[in-house]
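Chemist: Numbering (the UniProt record's numbering), first residue to last: 1 to 346. Glycine included, each C-beta is placed from N, C-alpha and C at the ideal position. Have a look at this one.
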Amino acid sequence: MKHLFTILLTLFSFYASGYAQKPFKVVFYNLENFFDLENDPDVLDDEFTPEGPKKWTKDKYDKKLSNIEKVFFDIAAINKDYPAVIGVCEIENRNVLEDIVATQKLSPANYRIVHYDSPELRGVDAAFMYRPDVLKLEGSKAIRTVIPSLPDFKTRDIVTMWGKIDQEDFFFMVAHWPSRLGGKEASALRRIAVGNQMRHIADSVRALRPSTKVVMMGDFNDDPTDESISGEKGIGAKIKVKEVTPADYYAPFAALLKAGYGTLAYGDAWNIFDNIVVSGNLINEDKDQLKLKKTDNSKFYGHIFKRHYMVQKEGQFKGYPLRTYVGNNFQGGFSDHFPVYIYIGK
């Protein structure tokens with residue numbers, strides 16, 4: 001009987017210690033031109049000032065802030081737990097992030113911020129918000145994006161941070177890759193170069209600490225099936241989970257793209273430019289370790305957050321994400337992208 005009691009107590013401790021804990025969410029969201037109200041003389045932000053063509057006033061700023069608060073809080077409500085890590089892009093500076101984490105519905109999460117000013121001409125950056133009770137941050141760094149064939153090209157930095165979650169090593173990257181200005185094919189080399197750079201960074205980290213689990217995210221301005229993400233010259237991520245080995249990288253949103261889902265629309269065609277890519281050891285890890293999980297009663301590892309209030313209801317862009325502006329006309333919306341997220345748990 002004593003032996004049986006010991007076994008039962010051990011099993012109880014095992015489950016109570018975290019095996020049955022909720023998986024945590026990792027989110028990425030392009031916040032679409034979330035500028036503050038100040039005219040910064042060092043960047044091209046005049047458009048988004050009270051005197052600029054968009055008449056970017058405090059009322060409009062507060063509406064945008066309230067919208068973003070609602071989205072993140074509703075993502076938290078899915079499994080009644082705030083996202084552990086949120087990556088964002090198209091924010092002007094740290095002040096905007098401070099306002100987001102201080103909102104009434106998000107402040108209980110006690111988010112911390114990782115942000116660096118990048119050399120992008122308009123002054124928009126990528127950044128992280130993270131829960132310090134989940135991620136024990138050990139360091140962060142902004143890495144200048146390098147396109148070897150265009151040495152003077154200025155774009156957003158690759159923002160990195162690393163630390164431990166449940167005593168396991170994690171390395172996160174968030175980036176906003178160069179746009180398709182000039183056409184997809186003509187501009188592809190820029191995105192392929194950044195994909196290759198992020199792969200090189202991830203491989204370097206894992207060479208030093210092989211057990212590290214890597215999560216790359218961002219608006220890549222390419223679909224997960226494009227060369228920059230799944231091609232060998234870019235990240236080289238696998239798009240079929242059965243082909244993934246621990247040394248590989250996996251692009252879970254390729255399956256959603258093939259199933260007809262999207263995070264943004266152009267010309268009545270949907271794309272998934274908002275991507276999260278994970279290292280193969282988040283797929284092939286044993287059951288006692290953190291790994292990528294399917295939840296929300298979904299057959300997919302990736303998830304797109306789309307609610308009726310985030311969708312344009314009428315007009316030329318009916319069915320598209322409800323934007324903040326169309327041209328200089330204020331729509332009072334959220335973003336021209338839908339956010340994406342994954343679950344990681346045991």
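Leaving out five residues before and five after residue 350 in sequence, what residues of the same chain have Cβ atoms less than 7 Å from its Cβ?
Modeler: Nothing about residue 350 can be reported from this structure: the residues present for the chain run from 1 to 346 only.
Chemist: Excluding five sequence neighbours on each side, which residues of the same chain lie with their C-beta closer than 6 Å to the C-beta of residue 86?
Modeler: Result list for residue 86: 27 and 129, in chain order.
Chemist: Could you give the DSSP three-state label for residue 175: helix, strand or coil?
Modeler: strand
Chemist: Could you give the distance in angstroms between the alpha-carbon of residue 119 and the alpha-carbon of residue 207?
Modeler: Straight-line measurement puts the Cα of residue 207 at about 29 Å from the Cα of residue 119.
Chemist: I need the DSSP call for residue 44, collapsed to helix, strand or coil.
Modeler: Coil at residue 44, not helix or strand.
Chemist: From this set, 101, 169, 198 and 105, which residue's C-alpha is nearest residue 234's C-alpha?
Modeler: 198
Chemist: Is it buried or exposed, residue 109, if we count other Cβ atoms within 10 angstroms and call 16 or more buried?
Modeler: buried
Chemist: What separation, rounded to the nearest whole angstrom, lies between the Cα atoms of residue 100 and residue 242?
Modeler: 39 Å
Chemist: So residue 121 and residue 43 are in contact, right, with Cβ under 8 Å, and what is the actual spacing, rounded?
Modeler: 7 Å
Chemist: What beta strand (DSSP E) runs, 3 residues minimum, are completely inside the stretch 232-306?
Modeler: The DSSP assignment places complete beta strand (DSSP E) segments of no fewer than 3 residues inside the stretch 232-306 at 264-266, 269-271, 274-279 and 291-293, in order along the chain.
Chemist: If I measure Cβ to Cβ from residue 5 and keep anything under 8 Å in the same chain, skipping five residues before and after, which residues do I get?
Modeler: In this prediction, residue 5 has a pLDDT of 46, which is less than 50 and means its spatial position is unreliable; nothing more can be read from the coordinates.
Chemist: Buried or exposed for residue 2, please, with buried defined as at least 16 other CB atoms from any protein chain shown within 10 angstroms of its CB.
Modeler: Interpretation of residue 2 is limited by its pLDDT of 46, a score under 50 that renders its predicted location unreliable; no figure is taken from the coordinates.
Chemist: Can you list, in chain order, the residues of its chain whose CB lies under 7 Å from that of residue 82, leaving out five sequence neighbours each side?
Modeler: Taken in chain order, the residues that qualify are 76, 109 and 131.
Chemist: Considering only C-alpha positions, which residue in the set 329, 293 and 136 is nearest to residue 342?
Modeler: Comparing alpha-carbon positions, the option among 329, 293 and 136 lying closest to residue 342 turns out to be 293.
Chemist: From this set, 307, 51, 111 and 123, which residue's C-alpha is nearest residue 67's C-alpha?
Modeler: 307
Chemist: Rounded to whole angstroms, what's the CA-CA distance from residue 50 to residue 40? Just pull it up for me.
Modeler: 13 Å
Chemist: Spatial neighbours of residue 103 within its chain, please: C-beta separation below 7 Å, excluding the five flanking residues on both sides.
Modeler: 65 and 69
Chemist: Compare the C-alpha of residue 38 against each of 21, 23, 57 and 32 and name the closest.
Modeler: 57
Chemist: What would DSSP say about residue 150, mapped onto helix, strand or coil?
Modeler: coil
Chemist: Thinking C-alpha only, which one of 136, 270 and 278 is nearest residue 167?
Modeler: 136
Chemist: Please specify which runs of the alpha helix (DSSP H), each continuous and at least 4 residues long, are wholly inside the stretch 28-94, giving them in chain order.
Modeler: 58-77
Chemist: Report yes or no: do the stretch 211-223 and the stretch 176-184 share at least 3 C-beta pairs separated by less than 8 Å?
Modeler: yes
Chemist: How would you call residue 314, buried or exposed, if buried means at least 16 neighbouring beta carbons within 10 angstroms?
Modeler: exposed
Chemist: With distance defined between alpha-carbon atoms, name the residue in 251, 240, 271 and 261 nearest to residue 184.
Modeler: 271
Chemist: Under the three-state reduction of DSSP, which class applies to residue 112: helix, strand or coil?
Modeler: strand
Chemist: Starting from residue 321, follow its DSSP beta bridges and name the residues at the other end.
Modeler: 311
Chemist: Buried or exposed: residue 245, going by 16 or more other Cβ atoms within 10 Å of its Cβ?
Modeler: exposed
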